[in-house]
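In what follows, a single structure is set out as structure tokens and then discussed.
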Amino acid sequence: PALKAIITLCSTDDRYADDVHYKGGAVEGHDMLHWGVYMLMANGQPPDPAIVGDGWRELWDRRVGSVWPLTETWLEHQRRDAYWKHGSVCEDYSAIECAVYAAGGWQDGYSDAIPRLLEGLDCPRKGLIGPWGHLWPEFGAPGPAIGFLQECVRWWDQWLKGEDTGIMDEPMLRAWVQDSVRPKPTQVERPGRWVTADSWPPPFAAATEWSLNDGSLDESDRPAVERRILGRQVCGMDGGAWCGEGETADDADDQRAEDGMSMVFDSAALEQPLSILGAPIVTLDLASDRPSAAIVVRLCEVLPDGASLLVTRQVMNLTHRDSHEHPEPLEPGRRYRVPVELDDAGHRFAAGSRIRVAVSPTYWPLLWPSPEPVTLSVFTGEGSSLELPVIPPDAPTEAEPFGRPESAEPLAVVEYGKQHNSRLVTRDALTGRSDLAFHWNSGSDTLFPQGIRVKFDNEAVYSIVEGDPLSAEVGVFHAITYRRDESGWKVRVEGRGRMTCDRETFLLEHWLTTWQNDELVHERTWSKSIPRDLT
Numbered sequence: 004p005a006l007k008a009i010i011t012l013c014s015t016d017d018r019y020a021d022d023v024h025y026k027g028g029a030v031e032g033h034d035m036l037h038w039g040v041y042m043l044m045a046n047g048q049p050p051d052p053a054i055v056g057d058g059w060r061e062l063w064d065r066r067v068g069s070v071w072p073l074t075e076t077w078l079e080h081q082r083r084d085a086y087w088k089h090g091s092v093c094e095d096y097s098a099i100e101c102a103v104y105a106a107g108g109w110q111d112g113y114s115d116a117i118p119r120l121l122e123g124l125d126c127p128r129k130g131l132i133g134p135w136g137h138l139w140p141e142f143g144a145p146g147p148a149i150g151f152l153q154e155c156v157r158w159w160d161q162w163l164k165g166e167d168t169g170i171m172d173e174p175m176l177r178a179w180v181q182d183s184v185r186p187k188p189t190q191v192e193r194p195g196r197w198v199t200a201d202s203w204p205p206p207f208a209a210a211t212e213w214s215l216n217d218g219s220l221d222e223s224d225r226p227a228v229e230r231r232i233l234g235r236q237v238c239g240m241d242g243g244a245w246c247g248e249g250e251t252a253d254d255a256d257d258q259r260a261e262d263g264m265s266m267v268f269d270s271a272a273l274e275q276p277l278s279i280l281g282a283p284i285v286t287l288d289l290a291s292d293r294p295s296a297a298i299v300v301r302l303c304e305v306l307p308d309g310a311s312l313l314v315t316r317q318v319m320n321l322t323h324r325d326s327h328e329h330p331e332p333l334e335p336g337r338r339y340r341v342p343v344e345l346d347d348a349g350h351r352f353a354a355g356s357r358i359r360v361a362v363s364p365t366y367w368p369l370l371w372p373s374p375e376p377v378t379l380s381v382f383t384g385e386g387s388s389l390e391l392p393v394i395p396p397d398a399p400t401e402a403e404p405f406g407r408p409e410s411a412e413p414l415a416v417v418e419y420g421k422q423h424n425s426r427l428v429t430r431d432a433l434t435g436r437s438d439l440a441f442h443w444n445s446g447s448d449t450l451f452p453q454g455i456r457v458k459f460d461n462e463a464v465y466s467i468v469e470g471d472p473l474s475a476e477v478g479v480f481h482a483i484t485y486r487r488d489e490s491g492w493k494v495r496v497e498g499r500g501r502m503t504c505d506r507e508t509f510l511l512e513h514w515l516t517t518w519q520n521d522e523l524v525h526e527r528t529w530s531k532s533i534p535r536d537l538t
């Protein structure tokens, strides 16, 4: 009862279906091990002797002795069981009675939770979705950033001080509907407009259905055709990050290469702009030649010159087509009607562009590959369709609902060193092996007001050999170094991880190593095989 209000940013209401572990019931190759190794390193960090005194080493020993790789636990729960339901507030929205302000950005991996919270909660609530990555909105990138701190003060004054700030008289949702841009891995700004709604789904959004015909996307059915595709294992490497960090190389690149490895359906060129706000739904009449299979469905805007911009997407493990809790294998050759709800999006397709739906049974590294190469059949016509949440040109909008970004007053000057961000793709044409390497803020060197200097390094490499889904491999490295120049104290913690598979199992390997003043202090290793459960 003492909790009057919250502001939740970049959060999830469903720990299984919408987090770093699984997506659409499929193992999330991009972030599961990466986040697990980061947490292994983070939990093995020492306390600061300048704060806790001479007992810091004993406390450090105790910490390192008690850590374990969280990735092992996550992979032991490949279904949506009690482990994931615990802490997933979607299990009982009615349990939340305090006022809720949910915020995030389209580039972030957690933006889908915001519309679900607005629809599911009965308490006073507001939602905000900007163009940003996994960042505070006052530092929002891609821009425009907003004056979010002022918005927070209005929220707290309303619910903690009892002042009528007018915030609850304003629209329940403000969402940035993004304009068409040329695709590239880093978008500094995303032009668009703020669209407002007093409820979710927006009452002015109209479901508009298109049929997936033989290579085309039309507003009427054509004769049914069976189309087949054998997925290429390297499809997905231009997909960017699942959870973007803002001004890094996290956005999807031009999708033409991915589209060429997918089954595509294109509309005619649009005569007028078309805007959407919500979750597109692609329904597929499909069959698989294997009992375990997955798909990715992408919605793209094809510009007049052929460039393909990713608008939204979704991954689905087809053995989870009816339930994440009780998956069932596919019957090879049997036709299934499968609705795929794509991630929510706010986007304006430009006049002259075409709308494209792309379908593939592979999407590395976001989607961990099926144990065997899959040939997917899609039956076009009446059974396969696209439903778009179209909003009218005169949908409610606000020109500048927020003030200019402001930062909290710093306690002291903080020095930042150079940071390294990169996304590198390499391909060996002889062996067929492709590697995708990510660095996020690697090499950052920060001096904090307390006199402690922190350096962070990281690398995540995703490898696969074309034609061999069992060659999938993820290697992750995280390291953090602390030092105090005045005392000569220096410690370093490294976490490493490797994830591979065979037909029946996943193999996980983890290493945690620490040093003090360049002398080895701790060294722990873990290795575990975990059976695949229809993944």
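Each position in the sequence shown, counted from 1, maps to that position plus 3 in my numbering. Using N, Cα and C, we set each Cβ at its ideal position, and we do this for glycine too.
| Query | Result |
| --- | --- |
| Between the C-alpha atoms of L220 and V428, what's the straight-line distance to the nearest angstrom? | 32 Å |
| Output yes or no for whether 9 Å exceeds the beta carbon distance between L370 and G239. | yes |
| Would you verify that the beta carbon of Y96 is, or is not, closer than 9 Å to some beta carbon of chain B? | Protein chain content of the structure displayed is limited to a single chain, and chain B is not contained in it. |
| May I have the straight-line CA-CA distance separating A20 from P72, to the nearest angstrom? | 21 Å |
| Once the 5 residues before and after Q190 are set aside, which same chain residues still bring their CB inside 6 Å of it? | P145 and D254 |
| Tell me where the alpha helix (DSSP H) around M42 begins and ends. | M35 to N46 |
| Just to check my reading of the structure: G349 and A178 have Cβ atoms closer than 8 Å, yes? What is that Cβ distance to the nearest angstrom? | 5 Å |
| Can we say the region 191-209 touches the region 371-385, given the rule of at least three CB pairs closer than 8 Å? | no |
| Between which two residues does the beta strand (DSSP E) containing G498 stretch? | W492 to C504 |
| Take H80 and list the residues in its own chain whose beta-carbon comes closer than 6 Å to its own, dropping the five residues that flank it on each side. | Y86 |
| Nearest by alpha-carbon distance to V305: which of S270, R338 and P372 is it? | S270 |
| Ignoring anything shorter than 3 residues, give me the beta strand (DSSP E) runs that lie fully in the region 177-227, in order along the chain. | 195-200 and 209-215 |
| Using a Cβ-Cβ cut-off of 7 Å (strictly less than) and excluding sequence neighbours within five positions of G107, which residues of its own chain qualify? | L12, C13, Y113, S114, I117 and I132 |
| Among L121, G386 and R337, which has the Cα closest to the Cα of M175? | L121 |
| On the DSSP bridge assignment, give the partners of K88 in chain order. | Per DSSP, none; premise fails for K88. |
| What's the call for R316, buried or exposed, on a 16-neighbour Cβ count within 10 Å? | buried |
| Specify, as a first and last residue, the run of the alpha helix (DSSP H) that P472 falls within. | Run containing P472: none in the alpha helix (DSSP H); it sits in the beta strand (DSSP E), D471 to R487. |
| Using alpha carbons as the reference points, say which of P50, E75, S278 and G123 lies closest to R65. | P50 |
| Looking at the unbroken alpha helix (DSSP H) that takes in L121, where does it start and where does it end? | A116 to G123 |
| For A475, count neighbouring C-beta atoms within 10 Å of its own C-beta (all shown protein chains included) and say buried if the count is 16 or more, exposed if not. | buried |
| Can you check which of these residues, D125, P134 and L389, is closest to V267 by C-alpha distance? | L389 |
| Between D346, H481, S356 and R293, which lies nearest to P392 when the distance is taken from Cα to Cα? | D346 |
| Assuming A297 contacts S387 (C-beta within less than 8 Å), just tell me the rounded distance between them. | With a Cβ gap of about 17 Å, A297 and S387 do not count as contacting. |
| Are the beta-carbon atoms of V464 and G478 separated by less than 9 Å? | yes |
| Count the C-beta pairs between the region 225-233 and the region 455-462 that are closer than 8 Å, then say yes if the count reaches three, no if not. | no |
| Count the other CB atoms, across all protein chains shown, that sit within 10 Å of the CB of A252; report buried if there are 16 or more and exposed otherwise. | buried |
| Which residue from S425, H481, V300 and E489 puts its Cα closest to that of L450? | E489 |
| Applying the 10 Å Cβ sphere with the 16-neighbour rule, what's the burial state of D16? | buried |
| Output needed for V180: all residues of its chain with C-beta closer than 7 Å, excluding positions within five of it in sequence on either side, in chain order. | G195, R196, V198, S278, L280, G349, H350 and R351 |
| Measure the C-alpha to C-alpha separation of S466 and W139 and round it to an integer number of angstroms. | 32 Å |
| Can you check DSSP and say which residues form a bridge with Q317? | V300 |
| Taking only the alpha-carbon atoms, compute the straight-line gap between P147 and E328 and give it to the nearest angstrom. | 40 Å |
| What do you get for V156, buried or exposed, if any count of 16 or more other CB atoms within 10 angstroms of its CB means buried? | exposed |
| So, using beta-carbon positions, are E344 and I284 closer together than 9 Å? | yes |
| Going by C-alpha to C-alpha distance, which of V314, W135 and G355 sits closest to D257? | V314 |
| Scan the region 372-413 and note each continuous beta strand (DSSP E) run of 3 residues or more that stays entirely inside, going in chain order. | 378-382 and 388-394 |
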